[in-house]
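**Q**
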Amino acid sequence: MVRQNLFGIVLLVLVGTFAAGAQVKEAKRTPIKPINQSLVDINTAPEADIVSIGIERAAAKKIVEGRPWRSKRDLVSKQVLTKEQYEKFKNSLVAKQSKKS
């Protein structure tokens, strides 16, 4: 009798463990940004910060002179950056809009 009860308890624990394990869902993983890669706002960043992500100094100067930018894609449409350059740097750039009073 004791053996049957012990066997029943062990069986219940095993079934419960498998059932609980089957219900656990894997959490979505968010991509991890490299620590040294930071976002540069093309509407407020100094020229040196734009150059620091790898954009040539002449293009960085044009970015600063062409402010404000509505979108970072404007850099291609206004021919400040080529499509290839834009694709290389687009994840490092943002174009935040200033709040109007």
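In terms of the working numbering, the sequence shown opens at residue 1298 and continues consecutively. Where a beta carbon is used, it is the ideal one built from N, C-alpha and C, also for glycine.
Tell me which residues share the same chain as G1363 and place their Cβ nearer than 7 Å to its Cβ, disregarding the 5 neighbours each side in the sequence.
**A** Only K1375 and V1377 meet the Cβ criterion.
**Q** Indicate the three-state DSSP secondary structure (helix, strand or coil) for S1398 in the structure shown.
**A** Unreliable positioning characterises S1398 in this predicted model, as indicated by a pLDDT of 49, which lies under 50. A coordinate reading is not provided.
**Q** Cα-Cα, which of R1300, L1311, D1338 and V1299 is closest to L1372?
**A** The shortest Cα separation from L1372 among R1300, L1311, D1338 and V1299 belongs to D1338.
**Q** Cβ of A1355 within 8 Å of Cβ of K1369?
**A** No, the pair does not count as a contact, with Cβ atoms beyond the cut-off.
**Q** Across which residues does DSSP place D1338 in a beta bridge pair?
**A** For D1338, which the question treats as bridged, DSSP gives the partners V1391.
**Q** Taking 7 Å as the limit between beta carbons, can you name the residues of its chain near E1344, skipping five residues before and five after?
**A** The answer, listed in chain order, is A1357, K1358 and V1361.
**Q** Where N1388 and K1396 are concerned, what is the direct C-alpha to C-alpha distance, given to the nearest angstrom?
**A** If I take the Cα positions, the gap works out to 23 Å.
**Q** Run the CB neighbour count on F1386, radius 10 Å, all protein chains shown included, and call it buried at 16 or more, exposed below.
**A** Result: buried.
**Q** For N1340, I'd like the list of residues in its chain whose CB is within less than 8 Å of its CB, leaving aside the five on either flank, ordered along the chain.
**A** Within the same chain, N1340 has close Cβ partners R1364, P1365, W1366, A1392, K1393, Q1394 and S1395.
**Q** Going by beta carbon distance, what residues of the same chain come within less than 7 Å of V1348, once the five residues before and after it are set aside?
**A** Excluding positions up to five away in sequence, the list reads R1354 and A1357.
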